[in-house]
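Scroll down for the structure; my scribbles are underneath it.
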Amino acid sequence: MQKREKSFGIQMLSVQPDTKPKGCAGCNRKIKDRYLLKALDKYWHEDCLKCACCDCRLGEVGSTLYTKANLILCRRDY
């Protein structure tokens with residue numbers, strides 16, 4: 017039986033003013049902030065990329081997130 021749990025990197029990127037705003041994978045709104053997060057090949061507001069268990073902001077607690085049973089988790093809850 018193959019494990020589906022994985023860890024993924026989180027990148028903080030500065031938004032270039034001359035580029036079209038990207039859509040947030042969490043709330044589906046345009047990201048107009050100065051910074052955005054890139055994780056799981058998607059873009060996120062800093063407030064939208066959170067642990068499904070404890071609701072912590074993943075960009076603040078480290079540079080790695082974990083997935084298990086289709087949930088996005090911090091290291092502690094993984």
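Numbering (our numbering), first residue to last: 17 to 94. Where a beta carbon is used, it is the ideal one built from N, C-alpha and C, also for glycine. Just so it is clear, the structure is predicted and the values come from calculations on it, not from any experiment.
Rounded to the nearest angstrom, the gap between the Cα atoms of Lys66 and Pro33 is 26 Å. Here Ala85 is exposed: its Cβ has fewer than 16 other Cβ atoms, across all protein chains shown, within 10 Å. Between the alpha carbons of Gly78 and Lys48 lies a gap of roughly 23 Å. Boundaries of the beta strand (DSSP E) around Leu87: Leu87 to Leu89. In this structure Cys40 is in contact with Cys64, their Cβ atoms being roughly 5 Å apart against a cut-off of 8 Å.
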